[in-house]
Every structure is written in C-alpha cells, then in structure tokens.
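Here the structure comes first, spelled out in structure tokens, and everything after it is commentary.
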Amino acid sequence: MTQAQGPVDTVIEARGLNLTFTTNDGPVHALRDVNLTIGKGEFVSFIGPSGCGKTTFLRAIADLEHPTSGTLTVNGMTPEAARKARAYGYVFQAAGLYPWRTIAGNVRLPLEIMGYSRADQEERVKRVLDLVELKGFEKKFPWQLSGGMQQRASIARALAFDADILLMDEPFGALDEIVRDRLNEELLKLWARTQKTIGFVTHSIPEAVYLSTKIVVMSPRPGRITDVIDSPLPRERPLDIRDSREFIEIAHRVREGLRAGHVDD
Amino acid sequence: MRNTGPVLAVVAVLMALWYLAVIPMNAQWERDQAARAGVEIGWAEIIPATMAQERPVLPAPHQVVLGLWEGTLGCDAVGRRTCRDTTPLTASGLAERAVATLTSNRSLIYHGWITLSATMLGFVIGTGGGILLAIGIVHNRAMDASVMPWAIASQTIPIIALAPMIIVVLNSIGISGLVPKAIIAAYLSFFPVVVGMVKGLRAPDAMQMDLMKTWSAPGPVVFWRLRVPMSMPYLFASLKVGIAAALVGTIVGELPVQEGGLGVRLLSGSYYGQTIQIWSALFTAAILAAALVGIVGLIERRVLRRMGMAA
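The listed protein sequences derive, respectively, from chains P and X. When you line the first sequence up against the numbering used here, it's residues 23 to 287, in that order. When you line the second sequence up against the numbering used here, it's residues 528 to 838, in that order.
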C-alpha cells in the first residue's frame, strides 16, 4: 500500500475501509481494505475499470453509501456530520438540472434549501456563474444550453455554497473529447482559483493524469486500491503538457497499475 | 392546421358508414308498415323513409343534429310559447330561448349542467383524494403495501352495481342531491390520479434524490422542490382520464336518482323508445367530455411549457 507523504491538513482519511453490498447473488465486496489520505487542496483522481469501487468510495465520502467496517473521516468528522455541515459539493455524471428552473435558479436551489439570505444568494450565483464562465446565461433554461454548458452549470451549483471539497463522479463522461478537453482545462483553473480539495472519478487515463496531483488506481472484485501515484507535474498545466515525457511516464504507470489489477482476477 | 384535410376525410368516411348503416337497421320497420297497409314498396321509397323515422332503430346523423338543436334552442326544449313568441329567430329571440333553455327540464343544457356540476365536484373530490392517497403511498411503506391493492380492487366492481348502494347508504344518513352523484364520480376518477401520481412522485431518479441528500434537504423540501414538479406531466395525463371517468360516473349515478341530468335523459329515452333523444343525450355527454378533456389539455400545455417540460 503506497501512502502519500503526509500532507499537513488531512481532509479525507480512510483506514481499513470495507464496504459490502448484499445482493441476491450473495455479498459483493465493493471496497476492501481501503487506506487513503487526501490532503487539503489536493486534486485526487480515482481511476479503474467498472466495479472497482471508485464511485462507491466517492459516494461513501459523501455519505451516500455506508461502509461496512473501517473508519472514514471527512474534515475530521464522520461523513454524515460532514454532509450536514455542508462540507462538500457533489457533481454527478449527468448535470441533473431542473428543466423548470433557469440556470441561475438551478444554481440558487441549494442556497435556497440551505437558507442563505436573498442578497447573499444573488451574490453567490453571480460569482460562481462567473467562475464557470456562464455569465450572461442566468436567465436561460437548461434545454437552451449545450451538454458541456449544462455540466458547467452543475459544477457552479456544487460550488455555490461554502464547501471546501468538490466530489465529481465522471462529470465529463458523457461529453465529447473536445468539450471534455476544454472543461478539463477550465476545471484546473477553477481549482487553482478556489483552492478546493477535489475528488474526481474517471475512466480516462489522460484525464486523470492531466488533472491530478494524486492518482488512485483501483481494481475490481474486490474493489481495492492497487497504486497511488503522486504526480510530479507542476500545478500550472497547459493542455500540451500531455505530450511531455513526464506525462507519458505517469500515464504508463497508471496503465500498468490497471493492467496488474486486471491480471489479478 | 395541416391535419384538417385528413381529419375531415375520416369524419366524412364515418358519416358515410353511419348513413349506410341506417338503411338496413331501419328498413324492416318500413317493410312492416307497408305490409300492414297492403302496399308494395321498393328501395326507392324505403331508403329516404329510413332516414326520417320518428323512432328509428338507428337515427341518421342529421336527425341527431336536429335532436341536439331541439334539445338546446329548439322548440322542444324552450317550450311552445317561447317558440311562438320568438319566431322568426332574432337576436333578442335567441336570447329569450337561451334563458328558457336553462330551466326547461326538456333541455339538454339544463340536464347537461346538472351532470357537469356533479362531474366537477366529483372530479375535485376524486383528484384531491387521489393525490393524497398517492402522497401516502409514496411516503409510507405500509400504505404502499396496503392501499394499492384496495384501489385496484375498487375498480373491478362494476360501478352500475355499486351506484345504487352508495345512493341508498348516503340517503339514509341524510345526504342526497348533488353529493351522492359526485361521490360516484369521484370513485371512478380517483383511481387514474392515484396511479399517475404514484408514478409521478416517484419520477425523480436516484441521482436527483442523491443530489438532494448531499444538500441535506429535509423531506418537505424534496417533496415540494423535486417530487411535485417532476410529477406534473403524470398528473395531467391522469387528470384527463380522471375527468372523463368522472363524467361517466356521474351519468351512472344519475340513473337511480332520477333527478335530472344526461343519465336521466338517456334512461327516459330508452323507456319511451325515443332513440333520437338517447342519441342526442349521448352526443351531449360526448361533447361535454371532449370539452373537459380539452380544457385539461390546454392547462397542461400551458403549465408544462412554463415549466420547460412540454412534450
């Protein structure tokens, strides 16, 4: 088990985490003995084939799944307490915007639910829509926007309240390559500006390597971590960094890790 | 309207088939009459005669149209005196007839209003009850397991068997008039609303529910902000079925009560062999149902368009 060089502020910590689903075909080990520490301001990607537990792990952090054993803390709290303290924003694969609300209305929704004041809501909606470069689209309805823009709106929605963790479950999985590249670039800028800690689930090796400061390689049956790679790439990353030697080396190591996990079963 | 041509063509074909059907249905009576009178008649006499009988087995379309006229602003409905006073028809004469038709118990407008009022009351009760039941079913596991089978069972009982019982029971506790009929209407119209709203309130997918959970949204917020808006398309689909069912329920409820309404016109028409009266009442009911469903559809389109959910 590779372990990150102890970052000063631990945001997410998993120790001996197990999560078993009971199904009609018997128990499924979604996560087995997962140990991981995520520090403040890190960009951590979870990569692996389907069934490796990457989404389950992210959902466990978000208190959407409940670990069977082991400990998991978020900001030093249980995931449930962290959820209630609004510690994170969650972005799903689909934007999931409400068709009956405008873009601004959608971004405002969590703020309304959390009881922010009117003025504060307006100020925040404006700020996050600026941040995801959707200025001028406040009054548009979701169907008037492209898929990529909708996903940006859903990111804005997750950023609107003061969560310092952003959890993203294959947010760009349904988008085409070109849109994806651009959104990746924007996501890095956003991360640099907001200093958030980001957990990011993906299928794509280049995406994981391009975005992350830490890449967690996982393998299925049972879902477990096979490698944790601390990226030596600088924080400032132009798109063409993907042609550099270092990038290719990391991508190679990720691929090896995935292959090793595959041979196992 | 692009579709006007084909729609008119279909209507024309149906009319032609109807006229064709009138001939064999009514021909026997003409032959019997001729035999009784001891005269020979050929098709040339029979065919026009079949379309002008007073009590035909099957009235011709124009007879039904005439029946509708007679049942609304015609002399049948408004009475001989009004007819005499307002002849020839003028604007003020028509207004006089329109007033007379509201209270004449030979008028389809009068009976239609009785049916409509019970239908609307029943529809409101049925829709309200259906929505409440659906909310219970969606939020309560016990209700989910127990209510739905009963709701389904309730619809397997023929309403024609149940209606007199409901009326007798309600009458014995002093409830009569509009309410018993409305209850029978509600009995038919709550079911599509329950089925539709259970489906509609469960329409938010797992991801949307998870999203609400990540915001720690309390139950009422999930209900009003997510479940209710998501259920709107289902609600309107159910309302269309429900309002038509309410009309059917009301007409069935009117049969044993005999206090006016289109159901009474249907029944008395059949007592006295007044087939044109039956068909006129039938068409009035159909027009009423089409109008009600149309109004619900209009509201549906407006609401869903405003919500960005137009189909």
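Think of the CB as a built atom: it goes at the ideal place given N, C-alpha and C, for glycine as much as any other residue.
Residue from the options whose Cα sits closest to the Cα of residue i
i                : options                                : result
Arg558 (chain X) : X:Met542, X:Leu544, X:Gln580, X:Ala543 : X:Gln580
Lys76 (chain P)  : P:Asp152, P:Arg281, P:Asn206, P:Val56  : P:Val56
Gln172 (chain P) : P:Arg146, P:Asp203, P:Arg149, P:Leu119 : P:Leu119
Pro747 (chain X) : X:Met670, X:Ile662, X:Arg792           : X:Ile662
Ile778 (chain X) : X:His666, X:Ala713, X:Val549           : X:Ala713
Arg611 (chain X) : X:Thr599, X:Arg633, X:Arg624           : X:Arg624
Phe65 (chain P)  : P:Ser266, P:Leu210, P:Arg243, P:Asp152 : P:Leu210
Asp203 (chain P) : P:Leu261, P:Ser72, P:His51, P:Thr42    : P:Leu261
Thr6 (chain P)   : P:Thr32, P:Pro71, P:Gly63, P:Glu87     : An answer regarding residue 6 (chain P) cannot be provided, because it is not within the stretch 23 to 287 covered by chain P.
Val665 (chain X) : X:Leu648, X:Gly723, X:Ser703           : X:Gly723
Ala690 (chain X) : X:Pro551, X:Val784, X:Leu585, X:Ala571 : X:Val784
Arg277 (chain P) : P:Ile251, P:Ala126, P:Leu255, P:Glu258 : P:Ile251
Asp737 (chain X) : P:Leu255, P:Ala117, P:Val50, P:Ile272  : P:Ala117
Ile237 (chain P) : P:Lys218, P:Pro256, P:Ala273           : P:Ala273
Ala548 (chain X) : X:Ala562, X:Pro583, X:Arg607, X:Ile568 : X:Pro583
Gly780 (chain X) : X:Gly649, X:Ala562, X:Ala733           : X:Gly649
Thr219 (chain P) : P:Thr42, P:Tyr112, P:Ser72, P:Val50    : P:Tyr112
Chain-ordered neighbours of residue i on chain X, where CB pairs are closer than 7 angstroms
i                : result
Arg105 (chain P) : Thr741, Ser743
Gly98 (chain P)  : In chain order: nothing, as chain X lies at least about 18 angstroms away.
Phe163 (chain P) : Gly835
7 angstroms Cβ cut-off: residues of chain P touching residue i
i                : result
Val748 (chain X) : Ile135
Met734 (chain X) : Phe114, Ala116, Gly118
Host beta strand (DSSP E) of residue i (start-end)
i                : result
Ile220 (chain P) : 219-224
Gly63 (chain P)  : From DSSP, Gly63 (chain P) is part of no beta strand (DSSP E); its letter is neither H nor E.
Lys15 (chain P)  : Outside the displayed range of chain P (23 to 287) lies residue 15 (chain P), so it cannot be described from this structure.
Val250 (chain P) : 246-252
Met190 (chain P) : 187-191
Tyr1 (chain P)   : Look at the range of chain P in this structure, 23 to 287, and you will see that residue 1 (chain P) is not part of it.
Thr95 (chain P)  : 91-96
Rounded Cβ spacing between residue i and residue j (contact assumed at less than 8 angstroms)
i                : j                : result
Ile247 (chain P) : Leu94 (chain P)  : No, Ile247 (chain P) and Leu94 (chain P) are not in contact; Cβ-Cβ is about 14 angstroms, not under 8 angstroms.
Ala773 (chain X) : Thr646 (chain X) : 5 angstroms
Ile658 (chain X) : Val720 (chain X) : 6 angstroms
Leu197 (chain P) : Gly169 (chain P) : 6 angstroms
Val154 (chain P) : Arg174 (chain P) : 4 angstroms
Ile693 (chain X) : Ile679 (chain X) : Contact flag wrong, Cβ pair sits at about 19 angstroms.
Gly594 (chain X) : Ser795 (chain X) : Contact flag wrong, Cβ pair sits at about 14 angstroms.
Leu181 (chain P) : Thr124 (chain P) : In fact, because the Cβ distance is near 18 angstroms, the residues do not count as touching under 8 angstroms.
Trp742 (chain X) : Pro132 (chain P) : 5 angstroms
Start and end residues, alpha helix (DSSP H) containing residue i
i                : result
Pro719 (chain X) : 705-728
Thr45 (chain P)  : Looking at the DSSP string, Thr45 (chain P) is not in any alpha helix (DSSP H); the run it does join, the beta strand (DSSP E), is 32-45.
Tyr120 (chain P) : Looking at the DSSP string, Tyr120 (chain P) is not in any alpha helix (DSSP H), and its letter there is neither H nor E.
Ala818 (chain X) : 802-833
Gly532 (chain X) : 531-564
Val150 (chain P) : 140-153
Ser681 (chain X) : 668-681
Leu595 (chain X) : 588-599
Test item: CB-CB of residue i and residue j under 8 angstroms
i                : j                : result
Leu189 (chain P) : Ile83 (chain P)  : yes
Leu766 (chain X) : Leu643 (chain X) : no
Val239 (chain P) : Gly195 (chain P) : no
Ile34 (chain P)  : Ala230 (chain P) : no
Leu212 (chain P) : Ser67 (chain P)  : no
Ile187 (chain P) : Tyr138 (chain P) : no
Gly787 (chain X) : Ile641 (chain X) : yes
Ser253 (chain P) : Thr224 (chain P) : no
Thr78 (chain P)  : Leu53 (chain P)  : yes
Val651 (chain X) : Leu660 (chain X) : no
Ala543 (chain X) : Thr577 (chain X) : no
Ile177 (chain P) : Pro193 (chain P) : yes
Leu635 (chain X) : Thr811 (chain X) : yes
Ser637 (chain X) : Ala587 (chain X) : Checking the sequence shown, residue 637 (chain X) turns out to be Tyr, not Ser. Taking 8 angstroms as the Cβ cut-off, Tyr637 (chain X) and Ala587 (chain X) do not qualify as a contacting pair.
Ser758 (chain X) : Ala733 (chain X) : no
Listed by chain order, chain P residues near residue i by CB distance under 9 angstroms
i                : result
Arg752 (chain X) : Tyr120, Leu131, Glu134, Ile135
Partners in chain X for residue i, counting only beta-carbon separations shorter than 8 angstroms
i                : result
Tyr138 (chain P) : None at all; the shortest Cβ gap to chain X is about 12 angstroms.
8 angstroms Cβ cut-off: residues of chain P touching residue i
i                : result
Pro756 (chain X) : Tyr120, Trp122
Leu728 (chain X) : Under the 8 angstroms cutoff, chain P gives no residues; its nearest Cβ is about 16 angstroms from Leu728 (chain X).
Within chain X, the residues that residue i reaches when beta carbons sit closer than 9 angstroms
i               : result
Leu86 (chain P) : Asp737, Lys740, Thr741
Closer than 8 angstroms to chain B by CB, residue i
i                : result
Trp806 (chain X) : The structure shown has no chain B; the protein chains it does contain are P and X.
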